[in-house]
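Residue numbers (the numbering used here): 159 to 398. Quick reminder that beta carbons are idealized off the backbone N, C-alpha and C, glycines included.
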């Protein structure tokens, strides 16, 4: 009762696979800045449109981060990460065929949705996959996912685009999301298996999903989340 879900076989621990999935999602966030000069030449992207391309991926979080988080919790943490990687793979692959800046803008907003579906459930998923004695280590590693993913694509993106073009980079990242989704599906126990390992009755999980409205009211009515959101918005604005 109350234990963490054990891994089914030897290999990369499931929690590390989840962290890597977050890093792969961050690759999609960081792919636009090094591609802006190429996109301006290939698609005629203006400076204003470039600014929207950089910010559009955050639109999903701005408009519905809380709702997406609650939906992911009810839908299933592992399922949400898999769905998010599927959305990222599909949108990035479609982006490789874009011929107009407007098409890329729409697909960037969709990528923002996929990104949130991946990263919002991860801290809770890590808590279910590792024992309390190792939780701090894994959450610390998780804290590096954005810096790792964006740094990799910022450093390697220009060289890759020099070889395969910006469409090739989009397609490569689509394949990365598809590959990590397949890996996660194999390595991370299903939501049902983790609940069973933790001794959580199925009825309790169903009841928790049914109370999403109450959880939303509790979240929006609490001062702590608002303080955290305002503080982090001030912090993140310095990077823009």
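Pairwise C-alpha distance: residue j and residue i
i, j, result
"residue 186", "residue 313", "14 Å"
"residue 216", "residue 169", "34 Å"
"residue 340", "residue 212", "28 Å"
"residue 297", "residue 305", "14 Å"
"residue 283", "residue 247", "21 Å"
"residue 310", "residue 303", "11 Å"
"residue 207", "residue 197", "10 Å"
"residue 291", "residue 191", "39 Å"
"residue 322", "residue 335", "18 Å"
Beta-carbon gap between residue i and residue j smaller than 8 Å
i, j, result
"residue 346", "residue 176", "yes"
"residue 243", "residue 179", "yes"
"residue 349", "residue 236", "yes"
"residue 193", "residue 300", "no"
"residue 238", "residue 279", "yes"
"residue 343", "residue 240", "yes"
"residue 285", "residue 293", "yes"
"residue 271", "residue 245", "yes"
Residues near residue i in its chain [Cβ-Cβ closer than 7 Å; skip 5 each side]
i, result
"residue 331", "185, 186, 189, 250"
"residue 329", "251, 254"
Residues near residue i by beta carbon distance below 6 Å, same chain, minus five either side
i, result
"residue 172", "165, 287, 345, 346"
"residue 214", "263, 266, 267"
"residue 362", "Confidence in residue 362 is poor, its pLDDT being 49 and thus under 50, which makes the residue's placement unreliable; the coordinate value appears in the next sentence. Once the five neighbours on either side are set aside, residue 362 has no close Cβ partner at all."
Close Cβ partners of residue i (< 8 Å) along its chain, the five nearest in sequence each way excluded
i, result
"residue 326", "254, 318, 319"
"residue 256", "201, 262, 265"
Query - Cβ contact check for the stretch 190–206 and the stretch 249–264: 3 or more pairs under 8 Å - result: yes
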